[in-house]
Each structure stands twice: as structure tokens, then as C-alpha cells.
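Residue numbers (the working numbering): 606 to 695.
Where a beta carbon is used, it is the ideal one built from N, C-alpha and C, also for glycine.
Following: one structure in C-alpha cells, then a few remarks.
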């Protein structure tokens, strides 16, 4: 445990940031799972609307530095490709 006042503050700040970042990442994962569930159930209109909100969420978390911008872009690309492929296949 830190003894110096500035180190104590730094610990408090890092714990708050960690909790905030973990919550944001968990929200992202939940939205991705819901999107995949919609595609599995062949609900492509719902999947498209979820995809647009997920894109916004990915961009927001990337701009805050919670995830890397390339990861956000890669995730959007993979999901859009999966939605197109699944909707064409059925």
C-alpha cells in the first residue's frame, strides 16, 4: 500500500479508471453477443439496427482510449462482413 499522499491519490484514480474501463468493455462485449444472437436467430433487421448502435459505441470507447482505434475498426469490419454474409446466405 502506498504511504505517500500523491501515491494514495494515484491508487484511487487508477481504481476508478479501471472500474470505468471494465464497465465499458463489458458493455461492448454484451452488445456484440446480442448482435451475434440476432444473426443466429436470422433477425437481420434487428441485427442491422444493433450494428449501427454498436458502431457508435465502438467509436466512443476508442476515442476515450479504452480500446485501440484499430480494434474498433477491425471489429466493425468483421461484424459488417458477417451480417452481409449471413443475410445473403439465407
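The C-beta of residue 612 has fewer than 16 other C-beta atoms within 10 Å across all chains shown, which makes the residue exposed.
Around the beta carbon of residue 606, a 10 Å sphere encloses fewer than 16 other beta carbons of the protein chains shown; the residue is thus reported as exposed. By the criterion of a C-beta distance shorter than 8 angstroms, residue 680 is surrounded in its chain by 637, 663, once the five residues flanking it on both sides are discounted. For the pair residue 640 and residue 652, the CB atoms are nearer than the 8 angstroms cut-off.
Around residue 615, the same chain offers 607 as residues with beta carbons nearer than 8 angstroms, after the five sequence neighbours per side are excluded. Take residue 677, set aside five residues on each side of it, and the residues of its chain with a beta-carbon closer than 8 angstroms to its own are 663, 664, 666, 667, in chain order. Inter-residue distance for residue 688 and residue 644 is about 7 angstroms (C-alpha atoms, whole angstroms). Under the criterion of beta carbons closer than 8 angstroms, residue 656 and residue 684 qualify as touching, at roughly 6 angstroms. In this structure, the straight-line span from the alpha carbon of residue 659 to that of residue 610 is close to 40 angstroms.
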